[in-house]
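Asker: My questions will all concern the structure given below.
In my numbering, the protein residues as written are 2 to 148.
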């Protein structure tokens, strides 16, 4: 059985759900484009995040405490499952000052607890500006390639 690497992207959500979901979705698409195409018969990396599921109400209403708790549990179960396989990676997008949300802190703590001695392996921190820089650089490259 072939193990695929999963890159799980986390970022704040609650303070500005639409902004953070848009950023995470655009960065997820960037990762797919960067990782796909290395092999003809399969995609070597699976890109995961929960932002779109939360925003669309996939876990229930974020405004209802009980449903929000269900969503938090779902997100934490997903990250624990992904963290349990050593080949997987975590991408953490923070505010430009390095601050993040309590939800992201819970996710990182669970990632570290699950992975124990190798928790930092495959963990990447990016600020919003760094993530946006990656996206702008790719846009410039694609524009040059089209001309």
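Think of the CB as a built atom: it goes at the ideal place given N, C-alpha and C, for glycine as much as any other residue.
Express the C-alpha separation of residue 15 and residue 71 in angstroms, rounding to a whole number.
Answerer: As a first step, residue 71 must be located in the chain shown, where it is residue number 70. As a first step, residue 15 must be located in the chain shown, where it is residue number 14. For residue 71 and residue 15, the distance between alpha carbons rounds to 15 Å.
Asker: If we ignore side chains and look at the alpha-carbon of each, how far apart do residue 170 and residue 124 end up?
Answerer: For the chain, the structure presents residues 2 to 148; residue 170 sits outside this window and is missing.
Asker: Expressed to the nearest angstrom, what Euclidean distance is found between the alpha-carbon atoms of residue 60 and residue 148?
Answerer: The residue labelled residue 60 in the question sits at position 59 within the chain shown. The residue labelled residue 148 in the question sits at position 147 within the chain shown. Their Cα atoms are separated by approximately 44 Å.
Asker: Taking only heavy atoms of the ligand SAM into account, decide whether any of them is closer than 8 Å to the Cβ of residue 99.
Answerer: Of ligands this structure carries none, so the ligand SAM is not represented either.
Asker: Tell me, to the nearest whole angstrom, how far the beta carbon of residue 31 is from that of residue 139; I am working on the premise that it is less than 8 Å.
Answerer: Counted from its first residue, the chain shown places residue 31 at position 30. Counted from its first residue, the chain shown places residue 139 at position 138. Between residue 139 and residue 31 the Cβ distance is about 6 Å, and since that is below 8 Å, they are a contact.
Asker: Mind checking who residue 1 pairs with in its DSSP beta bridge?
Answerer: Beyond the ends of the chain as shown, which are 2 and 148, falls residue 1; an answer cannot be given.
Asker: Excluding sequence positions up to five away, which residues of its chain have a Cβ less than 6 Å from the Cβ of residue 48?
Answerer: By 1-based counting over the chain shown, the position of residue 48 is 47. Answer for residue 48: 8, 29, 32, 33, listed in chain order.
Asker: Using the Cβ count rule (16 or more neighbours within 10 Å means buried), how would you classify residue 134?
Answerer: Mapped onto the chain shown, residue 134 falls at position 133. Its Cβ having fewer than 16 others within 10 Å, residue 134 is exposed.
Asker: On a Cα-Cα basis, can you pick out the residue from 75, 118, 99 that is closest to residue 86?
Answerer: By one-based count along the chain shown, residue 86 stands at place 85. Among 75, 118, 99, the Cα nearest to that of residue 86 is on 118.
Asker: Would you mind sorting residue 74 into buried or exposed? The rule is 16 or more other CB atoms within 10 Å of its CB.
Answerer: Translated into positions along the chain shown, residue 74 becomes position 73. So residue 74 counts as exposed.
Asker: Just the Cα atoms here: how many angstroms apart are residue 1 and residue 114?
Answerer: This structure cannot settle anything about residue 1, because the visible part of the chain is limited to 2 through 148.
Asker: When burial is assigned at 16 or more other CB atoms within 10 Å of the CB, is residue 143 buried or exposed?
Answerer: Within the chain shown, residue 143 is the residue found at index 142, counting from 1. It counts as exposed.
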